[in-house]
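Asks: For the sequence shown, the numbering used here assigns the number 1 to the initial residue and increments by one for each residue that follows.
A virtual CB, placed ideally from N, CA and C, is assigned to each residue, including glycine.
Bear in mind the structure is a predicted one, so any value in this text is a computation, not a measurement.
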Amino acid sequence: MAFTAMHAERGRLDASRDDLGCGWAWAAVHRARPRVPLTCPECGHGVHAKLSPARMRFFAHDAGAPQCTLAGESMEHHLLKLQLAGEIRAAGWLAELEVRAPDGTWRADVMASSPNGARRIAWEAQLSAITEDEIRARTERYAAAGIGVCWVASRPRRWLELPDQSPRAPVSSHHGRRAPSAGLRRRRRHQHGRDYAGRRSGSGPPRR
Ligand SMILES: [Zn+2]
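Given below as structure tokens:
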């Protein structure tokens, strides 16, 4: 499953947004006849709009799909991505799901952009095992593109306490230049310790 799909004329569709991010209602793609041709942004295979039993919107791969990293992500991972997008939007930032680098060097679970577009922070829902080296390498790829990154886990992970090794991406503020690491680490702890871990048993995914 995925929250994003590509359409030849409309471009990128985002199932977490009311207008799918392209001015279309969900009904324009869900069970529409004739069927609207949509493809997976990751593997290019055909996808179709679908509702989960809890009425969450997503795009499912058509039969015969190749191995695709988006298709292989767990439901927990998807729910966390949705929650992150909801909270980023509630904070007044733009949130886009499943955003790929133009050259394919990274794909953010949720890309947050500040209202003026000057800052970008990738939010990574990292629920599966990952090595510290891989965390560093991926963080550095974002930093090279001037993008901060916030790693989010649903359970204690050793790498959540890693000192920030990434090159300093220049970020302007009214205090002049500063690295985003301190702020990111605060948010990371907060996200891990209270927001997500604290609410996941009771509240479930945001309904849209
Ligand atoms: Zn795919």
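Alpha carbon to alpha carbon, what distance is there between VAL47 and ASP62?
Replies: ASP62 and VAL47: Cα-Cα distance of roughly 5 Å.
Asks: Quick one, which of ALA32, HIS7, ALA108 has its alpha-carbon nearest ALA95's?
Replies: The candidate whose alpha carbon is nearest that of ALA95 is ALA108.
Asks: Starting from GLY86, follow the alpha helix (DSSP H) in both directions and report where the run begins and ends.
Replies: Unbroken alpha helix (DSSP H) run through GLY86: 75-90.
Asks: By how many angstroms is the C-alpha of PHE58 removed from the C-alpha of LEU80?
Replies: Cα-Cα distance, rounded: 14 Å.
Asks: Taking 8 Å as the limit between beta carbons, can you name the residues of its chain near LEU13, skipping five residues before and five after?
Replies: Answer for LEU13: THR4, ALA5, MET6, HIS7, LEU20, GLY21, CYS22, TRP24, VAL29, LEU38, PHE59, listed in chain order.
Asks: At a cut-off of 7 Å, would you count CYS150 as near ligand 1, judging by its Cβ distance to the nearest heavy atom?
Replies: No, Cβ of CYS150 sits at least 7 Å from all heavy atoms of ligand 1.
Asks: Apart from the five residues just before and just after GLY11, which ones in its own chain have a Cβ nearer than 7 Å to its Cβ?
Replies: Excluding sequence neighbours, GLY11 sits near CYS22.
Asks: Within 10 Å of its beta-carbon, does GLN126 have 16 or more other beta-carbons around it, so buried, or fewer, so exposed?
Replies: Its Cβ being crowded by 16 or more others within 10 Å, GLN126 is buried.
Asks: Answer yes or no: do GLU76 and ALA2 have a C-beta to C-beta separation smaller than 8 Å?
Replies: No, Cβ-Cβ distance for GLU76 and ALA2 is not below 8 Å.
Asks: What do you reckon, are the CB atoms on ILE88 and ALA122 nearer than 8 Å?
Replies: The answer is no: Cβ separation not under 8 Å.
Asks: Look at the alpha carbon of GLY212 and the alpha carbon of THR105, and state the distance between them as a whole number of angstroms.
Replies: Nothing in the structure corresponds to residue 212, since the chain is present only between 1 and 208.
Asks: Determine which residues share a DSSP beta bridge with ILE135 and list them.
Replies: In DSSP, ILE135 forms no bridge with anything.
Asks: Closest to LEU70 by CA distance: which of ALA129, THR139, SER114, ARG100 is it?
Replies: When each option's Cα is compared against that of LEU70, the closest is ARG100.
Asks: In the DSSP assignment, find the beta strand (DSSP E) that holds GLY46 and state where it starts and stops.
Replies: Its beta strand (DSSP E) spans residues 46-51.
Asks: If you follow the beta strand (DSSP E) that GLU96 is in, where does it begin and where does it stop?
Replies: Here the beta strand (DSSP E) through GLU96 covers 94-100.
Asks: Does any heavy atom of ligand 1 sit closer than 7 Å to the C-beta of GLU42?
Replies: Checking the Cβ of GLU42 against ligand 1 gives yes.
Asks: Residue range of the beta strand (DSSP E) that SER114 falls in?
Replies: Counting along the chain, SER114 falls outside any beta strand (DSSP E), and DSSP gives it neither H nor E.
Asks: Please classify LEU51 as buried or exposed, where buried requires at least 16 neighbouring CB atoms within 10 angstroms.
Replies: The residue in question, LEU51, is exposed, as its Cβ has fewer than 16 Cβ neighbours within 10 Å.
Asks: Skipping 5 residues on each side, what residues in its chain have a beta carbon closer than 7 Å to that of ARG155?
Replies: Taken in chain order, the list of residues that qualify is empty.
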